[in-house]
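Just below is one structure, and these are the notes that go with it.
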Amino acid sequence: MLRTAFSQIRHRTGRSLALVAGVLAATTGFTLLTSTAETSQLRTTGTVNDNFRGAYDILVRPAGSRTAQESGQGLVRPNFLSGQFGGITLAQQARIARMSGVDVSAPVAMVGYVLDNSRVAVDVTAQVDRARTQQLITVKPTWHTDRGLSTLDDDLPNYVYVTKNRVVWPDFHLDPERERADPSWQAPPPSYANGFDVKKALAVCDDPESSPPPLEVLPDGRSVPICPTDSSIARSASGRGGLYVAHLTEGGTFRLESGTSRRLTVNISWPVSMLLAAVDPAQEAKLVGLDKAVVSGRYLRRKETSVARPSGNGRSSAAVPLLMSSAPQVDEQMSATVSRSPAGPVGLAGRAHKALDTVIAAKKGVRVATVPYTVDAVYGKNRRGADLYRIIQSGAPSYRTGADGSLTPRKVRADIDTLWANDNHTGWPTPWLARDGKQRPLVRVPEYQAPDFRAGEWQGEGLAVGTYDPKRLTEFSALSEVPMETYQPVAATGADTASRRLLGGRALLPNSNPGGYLATPPQLLTTLAALPRVLDPSSEQAAAPISAIRVRVDGVTGTDARSRERVRLVAERISRETGLGVDLTMGSSPAPRTVHLPAGDYGRPALALSEGWSRKGVAARIVEAADRKSLLLFGLVLGVCALFLVNSASAAVRDRRRELAVLACLGWSRSRITALVIGETALLGIVAGGLGALLSLLLAGPSGLGVSPLRAAAAVPIALALSVLAAAVPALRASAGHPATSLRPAVRAARRPRSHRTVTGLARANLVRVPGRTLLGAAALAVGVAAVTSVAAILWSFEDDVVGTVMGDAIALRARGVDIAAAAGTALLGSFAAADVIYLGIRERAAEFAVLRASGWSDGELIRLVLTEGALLGGLGALTGSAAGLGLMARLTGSATPALVTTALLAALAGIVLATAASLVPALMLTRTADAALLQED
């Protein structure tokens with residue numbers, strides 16, 4: 013038997029090579045395509061494990077703080093700390109920190125916005141005309157934000173009156189040393205060095221309660237008061253609109269009340285609202301390495317409540333310790349427009365303050381310079397002046413949700429002058445940008461005066477003990493970024509072309525408007541221990557000051573089930589024992605949401621913004637989707653390869669039907685004939701399997717697939733098993749029939765004679781009369797078309813599961829190459845199976861074509877007949893496969909999207925074209941074969 017099998021293989025070289033090629037293609041394709049699916053899965057899982065973890069795994073917030081958008085879509089909003097001022101007690105925080113499994117428990121208590129009143133010195137030395145006796149320099153600031161889209165003009169400029177006449181300033185007789193030595197000592201009333209009557213000067217200014225003004229000594233010896241303007245008196249608390257006096261000396265220096273200098277500068281108040289938060293220094297150091305990010309000064313101490321702040325009289329007072337961000341993290345600029353009055357006398361001296369505004373308005377100057385500044389020029393320069401008297405808290409924005417899921421924040425109103433009213437200090441103005449439109453409600457925290465404040469030991473201010481650089485914090489993958497607005501500003505990019513053009517391709521950043529849509533991160537950090545100096549102990553917020561707790565779980569190593577379960581158990585325990593709201597942020601990833609921001613009040617048009625919310629559980633869903641995709645691809649590849657082998661084995665048996673019939677007539681038993689066919693096929697399968705293993709290893713390297721030698725060696729037993737199984741059914745069928753029937757394929761019995769006047773009709777009749785062969789060819793092609801449709805659906809389903817987040821988009825891009833390779837390879841293997849069946853079917857009918865040619869058919873008509881049969885067969889198989897693939901994937905994925913339907917139709921069209929093309933090669937071969945040779949096949 014074995015000798016006969018070898019003999020058949022040797023003498024039927026063409027048939028043997030065809031079978032070997034079929035088995036080789038099937039096994040190699042199976043090895044490479046399953047490796048492709050596994051490579052895609054490994055790359056996906058590897059990317060997830062490399063990027064799954066953010067700074068914390070669990071976000072704990074007060075119960076009820078989660079918005080509808082968050083609850084309905086599994087999101088954590090940016091600005092999640094906005095509007096959340098307290099709600100968690102210190103006892104709840106301590107309980108969470110003691111729980112088993114908790115590695116880090118980092119609380120953050122939002123206090124509110126406080127004022128940093130820094131000043132920028134505008135140098136106007138070059139704008140002074142040294143040839144003039146008197147001149148008025150006007151410095152008008154203009155504020156810019158929103159990437160230059162919003163512009164606010166200050167309606168109250170600062171003025172510098174420059175005169176060459178001698179100026180006499182009042183002497184207030186201050187003596188700090190005597191005051192320190194004798195606290196009961198009081199300075200005498202102010203006076204002028206030239207003896208001018210102070211009361212007379214105040215009478216000229218028509219303001220007997222104000223401070224004495226400076227005197228200008230005219231050339232005739234008269235001393236004339238230079239009174240403050242009416243507007244500067246009305247706005248004295250804002251530090252704006254002041255009238256300053258400078259004496260231009262003969263030596264070219266400027267003599268001012270504060271001293272003499274070669275440079276003349278005008279201080280412009282630049283108030284910046286800064287968000288203050290309290291943290292646990294030790295836990296922040298463990299969470300993000302905050303202690304390692306300090307670039308100047310020192311780090312906060314956990315239990316410190318105050319630091320000594322030196323004062324001007326040699327004493328010191330208590331101040332709240334602050335750790336300041338090295339970057340303002342806001343978008344603010346100021347341009348100072350410098351103007352000079354026309355030539356001639358200015359005429360300010362001797363005018364009452366109420367008349368000065370009119371005189372100054374008539375002296376409209378000519379612009380001589382514009383000097384730009386950024387907020388970096390003033391940020392942090394006033395370390396000793398964080399005003400803790402006025403604390404403004406902003407609430408969370410509310411939204412209208414559009415039909416497309418986009419969000420539009422609602423506008424709110426606020427009385428800015430009342431909110432920022434200043435009753436304690438002069439020169440502490442309201443932030444200019446706070447007057448812009450608002451999307452977050454604002455409230456002012458009731459002023460609290462601690463006992464040591466009333467004793468004069470506490471001045472209600474903060475002192476920066478150190479500065480930290482947010483860029484030096486522990487870095488986490490951008491793919492798994494969780495809300496980190498404790499240190500990073502929430503940036504929103506343009507969501508459409510128009511918005512991106514308006515923003516200049518940059519992100520929209522927050523500014524000093526506490527009611528603006530985008531919130532700043534806390535630029536000032538203090539300790540939880542210092543909160544009693546800022547918040548009234550009897551207030552509701554002081555009783556539960558913590559706004560959120562960020563928890564990192566111990567023992568989490570990846571997205572494996574064990575790590576996910578550890579996080580889930582800790583989260584459940586926190587929720588059960590504290591009653592607080594818990595969000596699992598492990599494996600989260602930024603998920604952009606479109607926000608339609610209404611137009612601002614100072615020029616900024618409405619913008620469509622893309623804002624990075626955080627979608628929870630992205631990593632777990634990606635891993636599950638990758639596993640599901642790999643399983644579906646594996647099953648599809650296995651089915652296509654098995655069908656290819658069945659087609660190859662069946663074709664080999666059909667090609668030998670006459671030989672098998674002769675052997676049966678010579679007395680061979682059914683079992684012996686079956687064993688011969690299976691043995692021959694098994695031998696060829698072993699050879700093809702070995703060649704497939706070598707070919708897989710050779711192709712794996714250049715393609716970047718992970719095919720190990722063990723996986724490649726598995727091709728040999730797989731090829732043997734599939735070859736035997738594929739040959740078993742046709743071998744049994746060949747040995748079971750009568751020898752006479754084996755000489756002809758099964759043909760449908762004719763019912764009554766019908767004439768076919770067209771080639772299409774004859775082609776259709778030829779397909780119908782041999783149903784077995786027709787259905788086999790159609791089935792082979794149907795599998796190929798169904799493969800393309802199914803693979804496309806699998807890939808789209810995978811992308812639908814993961815795309816829409818930063819991590820998902822990155823993984824979809826990385827997996828797409830190998831996925832497309834799997835789809836193309838699977839479809840190509842199915843197409844080869846269809847082409848093989850069509851080719852062998854035409855060979856079986858070679859004698860029929862010889863008869864037609866002998867009857868007068870031309871070669872062109874024969875080719876047309878073959879192509880028409882191929883097209884009809886292709887249409888039957890392609891449409892069936894398209895419908896089958898579409899139906900199967902619609903059931904698995906839950907819907908048949910327009911894209912999937914379009915792909916199915918295109919795959920069907922490609923299948924018809926492929927079947928027609930496959931018919932062309934044997935048709936051309938038939939036209940080149942002599943009729944006698946064709947008839948000899950019968």
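The sequence shown begins at 13 in my numbering and counts up one residue at a time.
All C-beta atoms in this analysis are idealised placements derived from N, C-alpha and C, irrespective of residue type, glycine included.
For clarity, every value in this text was computed on a predicted model and none was experimentally measured.
Query, Result
"Start and end residues, beta strand (DSSP E) containing Gln147", "Gln146 to Thr157"
"Spatial neighbours of Asn525 in its chain, beta-carbon cut-off 6 Å, leaving aside the 5 residues before and after", "Leu445, Ala446 and Asp448"
"Gln146 and Val358 closer than 8 Å at C-beta", "yes"
"Reference Gly882, options Val771, Ser281 and Leu734, closest by Cα", "Val771"
"Where the beta strand (DSSP E) containing Gln405 begins and where it ends", "Ala398 to Ser406"
"One or two residues paired with Glu623 in a DSSP bridge", "Ala504 and Arg605"
"Pair within 8 Å by beta-carbon distance, Val674 and Gly701", "no"
"Segment limits, beta strand (DSSP E) that includes Ile70", "Ile70 to Arg73"
"Where the beta strand (DSSP E) containing Leu127 begins and where it ends", "Val114 to Asp135"
"Backbone CA spacing between Val236 and Ala330 [nearest angstrom]", "44 Å"
"Local conformation of Ala930 per DSSP, three classes", "helix"
"Phe184, buried or exposed, once every other Cβ within 10 Å from all chains shown has been counted against 16", "exposed"
"Simplified DSSP assignment, three categories, for Gln139", "helix"
"Classification of Gly98 by the beta-carbon crowding that lies within 10 angstroms, buried from 16 upward", "buried"
"Cβ contact check for the segment 117–137 and the segment 268–279: 3 or more pairs under 8 Å", "yes"
"Bridge-paired residues (DSSP) for Asp165", "Thr154"
"Residue burial classification, Leu932 (beta-carbon count within 10 angstroms, cutoff 16)", "exposed"
"Sub-8 Å separation of Ala519 and Thr509 beta-carbons", "no"
"Opening and closing residue of the alpha helix (DSSP H) in which Ser575 lies", "Ala573 to Thr590"
"Whether Leu540 touches Ala67 by CB criterion (8 Å)", "no"
"Enclosing alpha helix (DSSP H) for Ser511 [first to last residue]", "Thr509 to Leu514"
"Candidates Ser418, Ala531, Leu260 and Glu860, of which the one nearest Leu621 by Cα", "Ser418"
"Minimum C-alpha distance to Leu774 - residue among Leu879, Asn206 and Ser550", "Leu879"
"Three-way DSSP call (helix, strand, coil) for Gln295 in this model", "helix"
"For Val780, three-class secondary structure by DSSP", "helix"
"Extent of the continuous beta strand (DSSP E) run through Arg178", "Arg178 to Val180"
"Distance CB(Ala75)-CB(Leu592) smaller than 8 Å", "yes"
"Integer-rounded CB distance, given that Arg422 should sit under 8 Å from Ser410", "5 Å"
"Residues that Glu228 bridges to, as DSSP identifies them", "Val179 and Val236"
"In DSSP terms, what Asn279 is bridged to", "Ala133"
"DSSP state of Leu884 mapped onto helix, strand, coil", "helix"
"In DSSP terms, what Thr272 is bridged to", "Arg267"
"Cβ contact (3+ pairs, closer than 8 Å) linking the segment 165–175 and the segment 253–263", "yes"
"Sufficient close CB pairs (3 or more, under 8 Å) joining the segment 477–485 to the segment 299–312", "yes"
"Complete alpha helix (DSSP H) runs within the segment 415–461 (minimum length 4 residues, chain order)", "428–431"
"Burial state of Ala930, where buried means 16 or more other Cβ atoms lie within 10 Å", "buried"
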